[in-house]
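**Q**
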Amino acid sequence: MKFLKKSYIQRAIREEAKGNYKQAAAYYSKAGEFEKVGEMHELVGDITRAFPAKIRAYQQAIRWYTTGERLEALAGKLAKTMELEIRADSKVSSIEHHRLQKVAEYYTLAKLWHESGRIYEELGMLDEATEMYIHEGNIKQIERLADRKEEHDLRTFSVQQYYEEAEAAYRRGHRDRAYQFLQQCLTIDRNHSKASVLFESLSHHLQHSTKRTIRMPMEESEYIMFGNQMVTIGRQEDNDMVLVQHDISRHHARLGLSQHRFLVEDLHSSNGTRVNGLRIRHQAEIRDQDVLSIGRHASFEIRLRRQADTISASLHHSEQQGVQKHYLLFSGAAHIGTKETDAIPLQQSIAGLPSRLFKIRYQHPFWFIHLHPQLTGVEFNGVAVERYLVIFAGDTINVEGLTFLIE
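So this is what it looks like as structure tokens:
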């Protein structure tokens, strides 16, 4: 056995002299000279220029070293080489971040405490970084990191607090506040997954929010409300009121509220716009109980309601069967109640409820419903609410047996 070992060593020495370090490492391994195996792999790494091959050689060498000084020296060399390779790219990917943690571990093995702490700190692993600076005895860095950790903990708390506030506001129907809380949350931590999902959902609902529909099954009616005080009517999809009859032009007419007046303007349509049967040339004022005709067949009865500093105009088809569809424009706010002057009048009143239930207003990009101060027992999507709501399509409001569906 001694003769065989001696033979392997002699072969290893000859290969080493030729610069065949990998072959020499193989013979040293057979001879049980493990330190020399590590040394050969380290030499391979030293003469190799390409980063990946150099790193692989050093990693191979480090597995064979058993003595402390050589192990520490090689670990430091490996850590610096790996970091150089990672830093060569201006953008460090998430995968490279994972490799940076390995770099920190090699710096720790080399007892290069400051370098290890620096990497851990970059990765946000503040507890590990603090431990490295303690080994180094660097009081200044320890104190600085303690301040940073306190700030980090405070930011983390703030992020979670903002998200919880947003979630609670969303459940109560205060989606405007939820939107603000989510913006603050994502400003601090843009990668907060739950906040991102909820914010995306809110943003989707707000993309096309200038129109909302309230359906009242108990009265077989629905009100299509416009947030803008000026709307267009026509056959093309980009109109606010889309009417599909063949005799209606693509952009047929414009309706709007102006200084407590309700005006209609024909947009050079083929089949004309009429008020009480008379074709208008350009613009005309519409009054309460007038009939507005768009083209030859679409006619709407007009109801104007004025109160204080607000005015509302509702249009509904004269000969419509089944569910009564109303188009509603208003300035300021629109009221839902049993008063005749309310923009959305209820046909029935319930004992114990105020005569006016809600006030609706649009403030870009949100639709608000403000509840009457005396109104209690309101459920919004099954949750008891008070004060006000921000409504989205798909919401349901229940008040003492009255159901309002939002579309």
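Take any residue in the sequence shown, note its place counting from 1, add 73, and you have its number in my numbering.
C-beta atoms are modelled at their ideal positions from N, C-alpha and C, and glycine is treated no differently.
From a predicted model like this one, the values you see are computed outputs, not experimental measurements.
What ranges does the beta strand (DSSP E) occupy inside the region 364–432, keeping only unbroken runs of at least 3 residues that lie completely in it?
**A** 364–367, 371–380, 383–390, 397–403 and 407–410
**Q** Would you tell me roughly how many angstroms separate the C-alpha atoms of L259 and S269, rounded to the nearest one?
**A** A direct Cα-Cα distance of roughly 7 Å separates L259 from S269.
**Q** Going by the DSSP bridge assignment, what does E338 pair with across the sheet?
**A** R327 and Q356
**Q** Tell me the rounded alpha-carbon separation between T449 and N264.
**A** Linking T449 to N264 through their CA atoms gives a straight-line distance of about 40 Å.
**Q** Judging by CA-CA distance, which residue of Y461, F477 and D468 is the nearest neighbour of Y296?
**A** F477
**Q** Anyone know if the C-beta pair for Q356 and E338 falls short of 8 Å?
**A** At the C-beta level, Q356 and E338 come within 8 Å of one another.
**Q** With E295 as the anchor, note down where its beta strand (DSSP E) starts and where it stops.
**A** S294 to F299
**Q** For the alpha helix (DSSP H) that G141 lies in, which residues bound it at each end?
**A** Here the alpha helix (DSSP H) through G141 covers G141 to R160.
**Q** Report buried or exposed for I261, applying the criterion of at least 16 other Cβ atoms within 10 angstroms of its Cβ.
**A** By the neighbour-count definition (other C-beta atoms within 10 Å, threshold 16), I261 is an exposed residue.
**Q** Is it true that the CB of E158 sits closer than 8 Å to the CB of I192?
**A** No, these two residues do not count as a Cβ contact at 8 Å.
**Q** Quick one, which of I367, S282, V304 and R347 has its alpha-carbon nearest D320's?
**A** I367
**Q** Got a sec, what are the start and stop residues for the beta strand (DSSP E) A457 sits in?
**A** V456 to V458
**Q** Can you name, in chain order, every residue of its own chain whose Cβ lies under 8 Å from the Cβ of S428, other than the five neighbours on each side?
**A** So the list reads G410, T411, K412 and S422, once near-sequence residues are dropped.
**Q** May I ask you to list the residues that DSSP assigns as paired with Y435?
**A** W440
**Q** Do E145 and A177 come within 8 Å of each other at the CB atom, strictly closer than that value?
**A** For A177 and E145, no; Cβs fall outside 8 Å.
**Q** Go ahead and label E112 buried or exposed: buried means 16 or more other beta carbons lie within 10 angstroms of its beta carbon, across all protein chains shown.
**A** buried
**Q** Tell me which same chain residues have a C-beta within less than 7 Å of the C-beta of H370, skipping the five on either side of it?
**A** Q318 and D320
**Q** When you compare only the Cα positions, how much space is there between I353 and H324?
**A** 16 Å
**Q** Name the two residues that bound the continuous alpha helix (DSSP H) containing M205.
**A** L199 to E209
**Q** Looking at the structure shown, is E216 part of a helix, part of a strand, or coil, going by DSSP?
**A** helix
**Q** Find the nearest neighbour of D119 within the set Y94, D361, G141 and E108, judged by alpha-carbon distance.
**A** Y94
**Q** Give me, in chain order, the residues of the same chain whose beta-carbon lies closer than 6 Å to that of A104; leave out the 5 immediate sequence neighbours on both sides.
**A** K78, Y81 and I82
**Q** Is the beta carbon of L185 closer than 8 Å to that of G149?
**A** Between G149 and L185, the gap from beta carbon to beta carbon is short of 8 Å.
**Q** Express the C-alpha separation of A466 and L402 in angstroms, rounding to a whole number.
**A** 19 Å
**Q** For G197, count neighbouring Cβ atoms within 10 angstroms of its own Cβ and tell me buried if that reaches 16, exposed if not.
**A** exposed
**Q** Ordered along the chain, which non-local residues of its own chain (more than five positions away) have a Cβ less than 8 Å from that of Y100?
**A** Y81, I82, R84, A85 and E88
**Q** Between L328, S189, Q332 and T383, which lies nearest to F373 when the distance is taken from Cα to Cα?
**A** Considering only alpha carbons, the answer is L328.
**Q** Hey, out of L351, A97, V315 and F431, whose CA is closest to P446's CA?
**A** The shortest C-alpha separation from P446 is found at F431.
**Q** How would you label M291, buried or exposed, when you count the other beta carbons within 10 angstroms and need 16 or more for buried?
**A** Classification of M291: exposed, given that the 10 Å Cβ count is below 16.
**Q** By Cβ distance below 7 Å, which residues in the same chain neighbour T383 in space, the five residues on each side in sequence not counted?
**A** F403, S404, G405 and A406
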